[in-house]
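Report on the following structure.
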Amino acid sequence: MGDLRVSFSEIYHEIRENVSSINGSRYGFSFLSYIKRWIPDIRFSCNDECSNMYDIVLNYLWEMIYIDEWNNVCLSLCGLYANYVSLKCVNELRYHNSRDGPLSIWELKNLMKLCDLGLIFGCLRRESVLAKLATDVHQHISIFYNISPQNEEPQYMRIRPTQNKCVQILDSPTEGYFRETVMKDGNPVIIKSCMQDWPAMSTRKWSLRYLKKVAGWRTVPVQLNETYTHDPRKKQFMSISKFIDCFINKENNKKGYITQHPLFEQVDRLWQDIQLPIYCKSWVKPNSDVKILTWFGPANSRSPLRRDGIDLLFCQVIGQKRLKLYSPEFSDKMPQENDFSKKKKERLKPYETCPNFDKIPFKTVLLGEGDMLYIPAMYWFTEESLTTSFSVTFHPSD
Numbered sequence: 001m002g003d004l005r006v007s008f009s010e011i012y013h014e015i016r017e018n019v020s021s022i023n024g025s026r027y028g029f030s031f032l033s034y035i036k037r038w039i040p041d042i043r044f045s046c047n048d049e050c051s052n053m054y055d056i057v058l059n060y061l062w063e064m065i066y067i068d069e070w071n072n073v074c075l076s077l078c079g080l081y082a083n084y085v086s087l088k089c090v091n092e093l094r095y096h097n098s099r100d101g102p103l104s105i106w107e108l109k110n111l112m113k114l115c116d117l118g119l120i121f122g123c124l125r126r127e128s129v130l131a132k133l134a135t136d137v138h139q140h141i142s143i144f145y146n147i148s149p150q151n152e153e154p155q156y157m158r159i160r161p162t163q164n165k166c167v168q169i170l171d172s173p174t175e176g177y178f179r180e181t182v183m184k185d186g187n188p189v190i191i192k193s194c195m196q197d198w199p200a201m202s203t204r205k206w207s208l209r210y211l212k213k214v215a216g217w218r219t220v221p222v223q224l225n226e227t228y229t230h231d232p233r234k235k236q237f238m239s240i241s242k243f244i245d246c247f248i249n250k251e252n253n254k255k256g257y258i259t260q261h262p263l264f265e266q267v268d269r270l271w272q273d274i275q276l277p278i279y280c281k282s283w284v285k286p287n288s289d290v291k292i293l294t295w296f297g298p299a300n301s302r303s304p305l306r307r308d309g310i311d312l313l314f315c316q317v318i319g320q321k322r323l324k325l326y327s328p329e330f331s332d333k334m335p336q337e338n339d340f341s342k343k344k345k346e347r348l349k350p351y352e353t354c355p356n357f358d359k360i361p362f363k364t365v366l367l368g369e370g371d372m373l374y375i376p377a378m379y380w381f382t383e384e385s386l387t388t389s390f391s392v393t394f395h396p397s398d
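FYI, full-length UniProt numbering numbers position 1 of the sequence shown as 1, with every residue one higher than the one before it.
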C-alpha cells in the first residue's frame, strides 16, 4: 500500500472547519481543546501516539453521535468522525506497513468497516479522501479471497408484455419527448431499452457473485423490519457478503434488506457500473444534483404505501418487481392523509387504517431487468419483490 496517496491538507482543513462549527457547551469544551491541541501535528505524524489519539477521539465522537435524536445530531460532529476515520486509516496503512509489514486480513477487515462507518455517518461523497481509501482497502482484502460461484443465481420468471397494458410503454424516447410529452401528461410510463449500455447490464453483468467480488467486504446499513427509518443507528451494520448469505441465500429466517441507501456515494466501484439516465436532465435545476438511492433484498419483500413530492425514475437492475400505482386524485381516500410537503415522505399501512382501501383503483406494473419506470410526483405506490431484486432510483436532490 505504499502507493496510497492521501491529501493530508484536505483532511486538515476539514477538521478545522468542523471543529469551529461544533457547539462546545453541548459537546464539551475540554474535548474540543484536546482536538485543537493535536491539529498542528496531524499533517506530519504517523505513529503509535497518533493512533491512540485517533482512537480516543473516535470513541468519544461515536458516543456523542448516539446521545441525541438523529434529526438533532450535529452534522459537523459526523463530519469530524469521518475526518478522524480517514486519519486513523492513513496511520494504520502507512505507519503499520513501514514498521510491521502489511496488515493482516483481520486488521484490514476492521479497517474496512471503520471506513464505511465514516462514510455512512459522515454522508461523504465518492470523491472524498475516505471513499478512495475504502476502495483501496477493499481491493487488498479481495486479494485474500477467491469468490467462487458456489451459490446459485436466482432464476427469474418471464414477464408477459400483456401484464403492463394499463401503463404506457415507450422504447427509448428522446429526452425532449420525455420532457415535453411524458412529464406534461403526468402519468407513469415504462421505458425500455435505456439501460442496455450500463456495464451492470452488459459487460459487467451484475449478479450475487459479482457483488460479492467487487464490494463484498463493504459495510452497509441493513433494515430488519418494515418500519423504515432514516436513522442509520437503528439499522444493523454488516458486510454485503454477509447480507447476501444471511438474507438472500436464506441462512437467516428473518427478512432484511438494504433500502433507500446512497450506496454509490459509498462504493465507487459499483457506481462505475451504472449511468445517469438522460431523462434526469429534464427535472434537475441548475447547480443541483441528482440523488441516487438503492434497494437490494430477497424475494417476497414488500414496501409500505408511500409517495414522494418529486419525480422519480425507478430502474430495475437485478430480478423482477411488481409495483402498484395510485393516482394523486385518490389522495383524499388514502388512510391517515395529512399535510404533505415537498421534502416529506409518507409511508402508510393502508389495510390497518382504511377498510375500503382495496376499492381504490390502481395500476399494476411488472418490471424486469433493464426496465425503467417514471413515477410522477405525488403518485402513491407500493413495491413487491418477485425475486431477489436490486433497484436504483434517481430523483432531484432538492
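Every residue, glycine too, gets a C-beta built ideally from N, C-alpha and C.
Extent of the continuous alpha helix (DSSP H) to which residue i belongs
i    : result
G368 : G368 -> no alpha helix (DSSP H), and no H or E assigned at all.
G79  : 75-91
R209 : 208-215
M112 : 105-122
F264 : 263-266
D136 : 129-143
Which listed residue (the options) has its alpha carbon closest to that of residue i
i           : options                : result
I320        : D308, G297, V19        : With the sequence shown as reference, residue 320 is identified as Gln, and Ile is not the correct amino acid for it. If we check each option's Cα against that of Q320, G297 comes out closest.
F243        : P304, T174, L276, R209 : R209
P173        : Y279, F144, Y54, H140  : Y279
V214        : H140, L93, S128, Y379  : H140
W62         : E329, V290, V85, S104  : V85
P199        : T181, L270, F264       : L270
E369        : A134, C194, K113       : C194
M201        : D371, L32, P376        : D371
N71         : R94, P232, R126, F178  : P232
C50         : R94, I105, M238, D332  : R94
N249        : F237, K113, S207       : S207
R126        : Q168, N59, Q272        : Q272
E107        : G79, L124, H138        : H138
residue 400 : L276, F247, L58        : It is not possible to answer for residue 400, since the shown part of the chain is limited to 1 through 398.
Residue i, enclosing beta strand (DSSP E) - first and last residue
i    : result
Y279 : Segment: none, Y279 is in no beta strand (DSSP E) and carries neither H nor E.
T181 : It is not in any beta strand (DSSP E) - T181 carries neither H nor E in the DSSP assignment.
E384 : 380-385
K324 : 321-326
Q272 : No beta strand (DSSP E) contains Q272, which DSSP labels as neither H nor E.
I248 : Segment: none, I248 is in no beta strand (DSSP E) and carries neither H nor E.
I375 : 372-375
Residues that DSSP places opposite residue i in a beta bridge
i    : result
P221 : F237
K291 : H395
S21  : In DSSP, S21 forms no bridge with anything.
D171 : K192
S389 : G297
Q316 : S391
I258 : F296
Contact check, residue i vs residue j, beta carbons under 7 angstroms
i           : j    : result
I240        : R218 : yes
L77         : I143 : no
I318        : F390 : yes
residue 484 : E175 : Examination of residue 484 is not possible in this model, given that the chain is present from 1 through 398 alone.
C74         : C115 : no
Q223        : K235 : yes
F121        : Y66  : no
L386        : R322 : yes
L325        : Y379 : yes
L373        : L367 : yes
C315        : V189 : no
C166        : K363 : yes
E92         : L119 : no
D289        : A131 : no
V220        : I258 : yes
E265        : V129 : no
T382        : S303 : yes
T388        : A299 : yes
P262        : L293 : yes
L87         : Y54  : yes
P376        : G186 : yes
N83         : I15  : yes
F394        : I360 : no
W295        : P396 : no
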